[in-house]
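Student:
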Amino acid sequence: MINQNNQNYLRLRLTVELHRQTATATKTATLRMKMTLICFLLLLLLCSLSTAQLQAGSDNQITLHGEKQEGAADNQQTCAQDLNAVLREMSASLAEQRVEMRYLQRWKEAQAAKLDLQKTEIDKLKTELDSLEQQFRVVQVAFSASLLASGSGTIGPFNTHTPLVFRHVVTNIGNAYNPNTGFFIAPVRGAYHFEFYIGAHGHASHASGAVLVKNGVHIFIAYEHQPSYYGSSSNGVTLLLEVGDVVFLRLWQNTIIFDNENHHSTFSGHLLFTM
Numbered sequence: 001m002i003n004q005n006n007q008n009y010l011r012l013r014l015t016v017e018l019h020r021q022t023a024t025a026t027k028t029a030t031l032r033m034k035m036t037l038i039c040f041l042l043l044l045l046l047c048s049l050s051t052a053q054l055q056a057g058s059d060n061q062i063t064l065h066g067e068k069q070e071g072a073a074d075n076q077q078t079c080a081q082d083l084n085a086v087l088r089e090m091s092a093s094l095a096e097q098r099v100e101m102r103y104l105q106r107w108k109e110a111q112a113a114k115l116d117l118q119k120t121e122i123d124k125l126k127t128e129l130d131s132l133e134q135q136f137r138v139v140q141v142a143f144s145a146s147l148l149a150s151g152s153g154t155i156g157p158f159n160t161h162t163p164l165v166f167r168h169v170v171t172n173i174g175n176a177y178n179p180n181t182g183f184f185i186a187p188v189r190g191a192y193h194f195e196f197y198i199g200a201h202g203h204a205s206h207a208s209g210a211v212l213v214k215n216g217v218h219i220f221i222a223y224e225h226q227p228s229y230y231g232s233s234s235n236g237v238t239l240l241l242e243v244g245d246v247v248f249l250r251l252w253q254n255t256i257i258f259d260n261e262n263h264h265s266t267f268s269g270h271l272l273f274t275m
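See below:
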């Protein structure tokens, strides 16, 4: 017969094992293991009570010594068989739970890998979105300005080519044009279109003329000369600019340019498309 110490020890071992195995299992598996443990403990209790009853009955009834021992032995054998059956069931349940735990672990790892992949994709999409937003902010480029901020007057002549600063800014989307220097600096690589109009009162010795300059290189010129009356000229060009390229107008040497509140002399440009 299993004595009380062995019963307590076995009960403690099984309880510890069950708690360890069910720590990470599902609720269904946990409930099944608890019910199995209850059945096992009830069986132990029944075996103990049955044995105690046989021992108590032997003191109150007249039986043969051999019959008493035989009854106790039969009871012990029955309890042992029942305990073995419960232990086998618990072992099978534990094995099944281990399989479930391995499956859950693999599922968890797969989900973690999937989440990592999704996070990577989200980060990539966020980066692309930030890039598109940045491009959207900078690709809107357009400006238009006239020569004088106020009043009227004639500039020139000078004995050398002189940069023109168009100070009356009407539009400056993207702030690529600087009204303090007269320089347009390309914010993105792309095709840009520029137009410029110049005018002056006729003069016998001085024409009116301005040249569009890209990075110090003369591109197109607008030039007009007549001895009297008001005359004007214009030109335009489409340029492929890299980031940081500089475009501005120079007053041609020994020429003049006029402007007033009617804004005759202007310089404009805008981005057609990025490249």
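Once you know that position 149 of the sequence shown is 149 in the UniProt record's numbering, the rest is easy, because the numbers rise by one and skip nothing. We put the CB at the ideal spot given by N, CA and C, even for glycine.
1. In this structure, how does DSSP classify Glu100 when only helix, strand and coil are distinguished?
2. Which parts of the stretch 95 to 172 are runs of the beta strand (DSSP E), unbroken and 3 residues or longer, counting only runs that do not cross its ends?
3. Measure the CB-CB distance between Ala222 and Gly209 and report whether it falls below 8 Å.
4. In this structure, what does DSSP give as the bridge partners for His201?
5. Taking the alpha-carbon of Glu242 as reference, which of Phe248, Ser234, Thr274, Phe143 has the nearest alpha-carbon?
6. Hey, His270 and Thr238 are a contact pair by Cβ (cut 8 Å); roughly how many whole angstroms apart?
7. Can you tell me which of the three DSSP states Ala191 falls into?
8. To the nearest angstrom, report how far apart Thr255 and Gly153 are at their CA atoms.
9. Taking all protein chains shown into account, decide if Val170 is buried (16 or more other Cβ within 10 angstroms of its Cβ) or exposed.
10. Given this structure, state the Cα-to-Cα distance separating Leu129 from Ile122, to the nearest angstrom.
11. Where do the N-terminal and C-terminal ends of the beta strand (DSSP E) with Gly209 fall, by residue?
12. Where Val213 and Phe220 are concerned, what is the direct C-alpha to C-alpha distance, given to the nearest angstrom?
13. Measure the alpha-carbon distance for Thr120 versus Thr127 and round it to whole angstroms.
14. Between the Cα of Asn235 and the Cα atoms of Asp245, Gly182, Glu224, which residue gives the shortest distance?
15. Rounded to a whole number of angstroms, what is the C-alpha to C-alpha distance between His203 and Asn172?
16. What first and last residue would you give for the beta strand (DSSP E) that runs through Val243?
17. Using beta-carbon positions only, say whether Pro163 and Arg250 come within less than 8 Å of one another.
Tutor: Reading off the structure:
1. helix
2. You should have 142 to 146, 153 to 155.
3. yes
4. Tyr230
5. Thr274
6. In fact, because the Cβ distance is near 11 Å, the residues do not count as touching under 8 Å.
7. strand
8. Their backbone Cα atoms lie some 14 Å apart in a straight line.
9. exposed
10. 10 Å
11. 208 to 214
12. 8 Å
13. The straight-line gap from Cα to Cα measures roughly 11 Å.
14. Glu224
15. 34 Å
16. Segment: none, Val243 is in no beta strand (DSSP E) and carries neither H nor E.
17. yes
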